[in-house]
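All remarks here apply to the structure that follows.
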Amino acid sequence: MSFSSLGLSEPLLRAISEQDYSTPTPVQLASIPAILRGEDVWACAQTGSGKTAAYALPIVQLLSAPSRPRPRGRFVRALILVPTRELAGQVGETLRHSGKHLPRMLKTLVVHGGVSINPQMMAFGGGADIVVATPGRLLDLIAHNAVSLSAVTLLVLDEADRLLEKGFRDELGRIVALLPGRRQSLLFSATFPLAVSTLAAALLHEPVRVDVPSAPETKPDILQRVIEVDAPRRTQLLRHLIQKNQWSGVLVFVATKYATEHVAQKLRQAGLVAAALHGELSQGTRQQILADFKAGRLPVLLATDLAARGIDVTRLQVVVNFDLPRSAVDYTHRIGRTGRAGATGLAISFVSSGTHAHFLLIEKRYQLPLPREQIPGFEPVQTEVPAAASPGGIKGRRMSKKDKLRAAAARAFPPGSGG
Ligand code: AMP
Numbered sequence: 046m047s048f049s050s051l052g053l054s055e056p057l058l059r060a061i062s063e064q065d066y067s068t069p070t071p072v073q074l075a076s077i078p079a080i081l082r083g084e085d086v087w088a089c090a091q092t093g094s095g096k097t098a099a100y101a102l103p104i105v106q107l108l109s110a111p112s113r114p115r116p117r118g119r120f121v122r123a124l125i126l127v128p129t130r131e132l133a134g135q136v137g138e139t140l141r142h143s144g145k146h147l148p149r150m151l152k153t154l155v156v157h158g159g160v161s162i163n164p165q166m167m168a169f170g171g172g173a174d175i176v177v178a179t180p181g182r183l184l185d186l187i188a189h190n191a192v193s194l195s196a197v198t199l200l201v202l203d204e205a206d207r208l209l210e211k212g213f214r215d216e217l218g219r220i221v222a223l224l225p226g227r228r229q230s231l232l233f234s235a236t237f238p239l240a241v242s243t244l245a246a247a248l249l250h251e252p253v254r255v256d257v258p259s260a261p262e263t264k265p266d267i268l269q270r271v272i273e274v275d276a277p278r279r280t281q282l283l284r285h286l287i288q289k290n291q292w293s294g295v296l297v298f299v300a301t302k303y304a305t306e307h308v309a310q311k312l313r314q315a316g317l318v319a320a321a322l323h324g325e326l327s328q329g330t331r332q333q334i335l336a337d338f339k340a341g342r343l344p345v346l347l348a349t350d351l352a353a354r355g356i357d358v359t360r361l362q363v364v365v366n367f368d369l370p371r372s373a374v375d376y377t378h379r380i381g382r383t384g385r386a387g388a389t390g391l392a393i394s395f396v397s398s399g400t401h402a403h404f405l406l407i408e409k410r411y412q413l414p415l416p417r418e419q420i421p422g423f424e425p426v427q428t429e430v431p432a433a434a435s436p437g438g439i440k441g442r443r444m445s446k447k448d449k450l451r452a453a454a455a456r457a458f459p460p461g462s463g464g
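The opening position of the sequence shown corresponds to residue 46 in this note's numbering, with each subsequent residue numbered one higher.
See below:
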């Protein structure tokens, strides 16, 4: 199956070929024709599945049809809601790239918080074809009368699960209330908890369901490694791995803003080029750091979950869970930063005695027991009371679920079995 069989026009096909996308990904194969037909779409799509292009390409084509001119004034024709600024920027880039060969350029605006609102208000003069927005800032702009949603014909909720997780439920309700009833709506989400399904049921009209299962052939190609190490030695191990393997594109997840700075500083002291990315940096600094990272000038980036959300670097080699993610869903989001559409990636999780049980829960959620490794010179010495050695758990107490999991893991992966 090729892109040309999906109904995309020549200017878009030209833009695609310049991106070196040879074949459509499964989510693109299923979504693009449906969106071009004007249908609502409800897609379950992981980060890295090519979901952005799956809606960006057909939207650009639909809006460029001569029968759909841009209304004057403060009006917007397509609204794309995203949970974070970084994702907003990347969606904007994909849209601009997709439409670069159109005879008439579409006006695409990207608006998010964290930067001054005035230039964004000015930019709306004369309306826009497409607006990519985080919900809070969009509502601010509406309150300032800078934009009207009454001419929106296309709505996209991207990373809908994240939109809801980030507490945007009320904002979404207020935005949807301002949209015309007759519109095409598309919803993309990596997971479908009840809240997302409820949202989908309320927003979508007889949607085409696109469910690209995480079947092995559609999963991004990611090698997942789990390395046991004592928590205080993680920075040294990280340095060792980066230097030994000469990694040049590493995204390291740490739990706190302080830790991003601290670990980055330690790595710099060891002669590596590394920087921290977190929510308290100014927008300008964040953008500069991301640009350096994308361009390969900055080989190692230490980020919190929130700051790293939406980082889209095609050649990202390695993701390291220096601190484990809080949930299995976050684990997927994190490792989805590597091995994106077609490229092989490597995801490494550091597990220490204190986080061992937590990692077991993540593993259990995906039913993929991963062998534990130890790196010579960094073998852990801090150990928990091995659960297998005390099968009854603590005396007088029933074995908890976690204890049972630990015991099962200890049986499945006796120390040293992982190579
Ligand atoms: P996302 O949109 O977040 O799922 O990320 C998709 C990543 O894969 C981006 O880096 C895109 O540039 C890339 N990509 C999208 N579609 C394709 C395709 N058909 N072939 C190869 N890479 C793609």
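We treat Cβ as the ideally placed atom computed from N, Cα and C, and that holds for glycine.
query, result
"State yes or no: is the C-beta of Tyr-66 nearer than 7 Å to some heavy atom of the ligand AMP?", "yes"
"Tell me which residues share the same chain as Leu-183 and place their Cβ nearer than 7 Å to its Cβ, disregarding the 5 neighbours each side in the sequence.", "Val-156 and Ile-220"
"In the DSSP assignment, find the beta strand (DSSP E) that holds Ile-272 and state where it starts and stops.", "267 to 273"
"Applying the 10 Å Cβ sphere with the 16-neighbour rule, what's the burial state of Gly-441?", "With a pLDDT of 35 at Gly-441, under the threshold of 50, the predicted position of this residue should be treated as unreliable, though the coordinate-derived value follows. Exposed: under 16 other Cβ atoms inside 10 Å."
"Using only alpha-carbon positions, find the residue among Ala-348, Ala-300, Val-297 and Ala-315 that is nearest to Leu-326.", "Ala-348"
"When you compare the CB positions of Leu-124 and Leu-232, do they come within less than 8 Å of one another, or not?", "no"
"Could you tell me which of Ala-75, Ile-77 and Ala-90 sits nearest to His-378, measuring between CA atoms?", "Ala-90"
"Just to check, is the beta-carbon of Thr-97 closer than 7 Å to a non-hydrogen atom of the ligand AMP?", "yes"
"Do you know whose CA, among Gly-144, Gly-137 and Pro-277, lies nearest Glu-18's CA?", "The structure shown does not extend to residue 18, since the chain spans only 46 to 464, so no value can be given for it."
"Apply the 10 Å Cβ neighbour rule to Glu-262 and answer buried if 16 or more other Cβ atoms are within range, or exposed otherwise.", "Since pLDDT at Glu-262 reaches only 38, below the 50 mark, its modelled position is unreliable, and no value is offered."
"Using the Cα positions of Asp-368 and Ala-353, report the straight-line distance between them to the nearest angstrom.", "14 Å"
"In angstroms with no decimal places, state the Cα-to-Cα distance between Arg-82 and Ala-340.", "37 Å"
"Asn-366: buried (16+ other C-beta within 10 angstroms of its C-beta) or exposed?", "buried"
"According to DSSP, simplified to helix, strand and coil, what is Ser-193?", "strand"
"How long is the line joining the alpha carbons of Thr-389 and Ser-112, rounded to whole angstroms?", "43 Å"
"Using the beta-carbon count (16 or more within 10 Å), is Val-127 buried or exposed?", "buried"
"Mind checking which residues open and close the beta strand (DSSP E) that includes Phe-338?", "Element bounds for Phe-338: not the beta strand (DSSP E) but the alpha helix (DSSP H), 328 to 339."
"List the DSSP bridge partners of Thr-305.", "Answer is none; Thr-305 lacks a bridge partner."
"Could you compute how far the alpha carbon of Gln-362 sits from the alpha carbon of Ile-77?", "29 Å"
"Put Val-241 into one of helix, strand or coil per three-state DSSP.", "helix"
"By DSSP, does Pro-436 sit in helix, in strand, or in coil?", "Model confidence at Pro-436 stands at a pLDDT of 35, short of 50, so the residue's coordinates are unreliable; what they give is reported in the following sentence. Of the three classes helix, strand and coil, the one that applies to Pro-436 here is coil, per DSSP."
"Do Glu-204 and Ser-234 have their beta-carbon atoms positioned less than 8 Å apart in this structure?", "yes"
"Is the separation between the beta-carbon of Thr-179 and that of Ala-240 shorter than 8 Å?", "no"
"Using a 10 Å radius around the Cβ and a threshold of 16 neighbouring Cβ atoms, would you call Arg-284 buried or exposed?", "buried"
"Among Met-150, Asn-190 and Thr-139, which one has its Cα closest to the Cα of Asn-163?", "Asn-190"
"Starting from the C-beta of Lys-289, find all residues in its chain whose C-beta is less than 6 Å away, skip the five residues before and the five after it, and write them out in chain order.", "none"
"Measuring alpha carbon to alpha carbon, tell me which residue in Pro-71, Gly-118 and Arg-119 is nearest Tyr-100.", "Pro-71"
"I'd like to confirm something about Gln-362: is its beta-carbon nearer than 7 Å to some heavy atom of the ligand AMP, or not?", "no"
"Under a three-way DSSP split, which group does Phe-395 fall into?", "strand"
"When DSSP labels each residue in this structure, what does Leu-317 get in the three-state scheme?", "coil"
"What's the C-alpha gap between Tyr-1 and Val-295?", "No statement about residue 1 is possible, as the shown extent of the chain runs from 46 to 464 and does not include it."
"Considering only the alpha carbon of each residue, which of Ile-104, Asp-337 and Thr-139 lies closest to Glu-63?", "Thr-139"
"Identify, in the order they occur along the chain, each residue of the same chain with its Cβ nearer than 6 Å to the Cβ of Asp-256, setting aside the five sequence neighbours on each side.", "Cys-89"
"Mapping the DSSP letters down to three states, classify Leu-223 as helix, strand or coil.", "coil"
"Give the range of the alpha helix (DSSP H) segment to which Asp-486 is assigned.", "One cannot answer for residue 486 here, as it falls past the ends of the chain, which runs 46 to 464."
"In this structure, does DSSP put Ile-125 in helix, strand or coil?", "strand"
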